[in-house]
Amino acid sequence: MKRIPRSFFNRSALDVAPDLLGRLLVGPDGQSMARIVETEAYMQDDPAFHAWGIVDPPTGLVRPSGRGYALFAPPGTSYVYLCYGVHWLLNVVTEPEGRAGCVLIRAAEPTAGLDRMFTRRPSARTERDLCSGPGKLTQAFGISGEHHQIDLCGPSGRPSMHFADDGQTPTEIPSVSSRIGITRAIDRPWRFFYASNPHVSPGVPSDIAAERRRIRRNSGQSKYSG
DNA sequence: ACGAGGATGCTCT
DNA sequence: GAGCATCCTCGTG
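Under the numbering used here, the first sequence is numbered contiguously, ending at residue 538.
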């Protein structure tokens, strides 16, 4: 059981995201653990990225205001933010210094500390309800704003949130889709997941969701267009 | 099964 | 004031 080193995150988010599948997330309590089964990559040149547009094109300078500035932190730093005013979402910063990118941890299969997870997530009825979504996962682990911008690659010793490799070989090739729940850049295939794993989130990839909405809109219109 | 709607707070290509 | 990297509950089949 080894902490994943900073060098692992000192790469493109497009490489880190699929490579994190099968690795373990160890929570802030040092005991709760889950095997990651779903991630998404967010890139600097990406309209869905929180740091999109904060680089001034002519000068290359980064505007130091706004929440996206935290995504220029060193690789291996956490980026935790509040989504819809309700749920905390956990990302890891990637990319060499000077560039920005991150990986969203979307779903995981609990492997340790399940009793604590059930306590922190009263609405969960089955194990599958614990970490099968980015908001559920942070609630199960007790991750919130106080865990924003912390080093996930620090020295082992006292308990702290980090990623770990237990040497278990991934049993499955990652599947790919567009990302979930976004409205911009919905065609980029930057979601990675283990298709056969029951702990993957039930969300629908954004390109498929948009197509379904379009079809429904059209059939709804035809009812009144006669 | 599936769809609709509400909660709720922060940011602002 | 609009727009979100979501989840839960409560309606209808």
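C-beta: ideal position from N, C-alpha, C; glycine also.
On the three-state DSSP scale, how would you describe Trp-453?
The residue you asked about is not Trp; residue 453 is Phe in the sequence shown. It is helical.
Supposed close pair Leu-394, Gly-457 - CB separation, criterion 8 Å
7 Å
By the three-class DSSP mapping on this structure, what secondary structure does Ala-385 have?
coil
Distance check for Ser-531 and Cys-414, CA to CA, integer angstroms please.
39 Å
Does DSSP classify Asn-509 as helix, strand or coil?
coil
For the beta strand (DSSP E) holding Thr-351, just list the boundary residues, first then last.
345-355
Name the DSSP beta bridge partners of Leu-336, please?
Arg-347 and Ala-476
Endpoints, beta strand (DSSP E) assigned at Arg-428:
Arg-428 -> not in any beta strand (DSSP E); alpha helix (DSSP H) instead, spanning 426-432.
Label Ser-390 either buried or exposed according to how many other C-beta atoms from any shown protein chain fall within 10 Å of its C-beta, with 16 as the threshold for buried.
buried
Short check: CB of Arg-318 to CB of Cys-465, under 9 Å?
yes
Would Arg-500 be called buried (16 or more neighbouring beta carbons within 10 Å of its own) or exposed?
buried
Could you tell me how far apart the beta carbons of His-511 and Ser-444 are, in whole angstroms, since I believe they sit closer than 8 Å?
5 Å
Where does Asp-331 sit, in a helix, a strand or coil, going by DSSP?
helix
With which residues is His-399 paired in a DSSP beta bridge?
Cys-395
Rounded to whole angstroms, what is the Cα-Cα separation between Ala-353 and Thr-438?
28 Å
Could you check where the alpha helix (DSSP H) with Ser-489 kicks off and where it finishes?
Looking at the DSSP string, Ser-489 is not in any alpha helix (DSSP H); the run it does join, the beta strand (DSSP E), is 487-489.
As assigned by DSSP and simplified to three states, the class of Phe-320:
helix
Just list the residues that DSSP pairs Ser-435 with in beta bridges.
According to DSSP, Ser-435 bridges with nothing at all.
Three-state secondary structure (DSSP) of Arg-526
helix
Heavy atom of the ligand ZN within 8 Å of Arg-500 beta-carbon
Absence of the ligand ZN is noted for the structure shown, with no ligands found whatsoever.
First and last residue of the uninterrupted alpha helix (DSSP H) at Cys-465
Element bounds for Cys-465: n/a, residue is neither H nor E.
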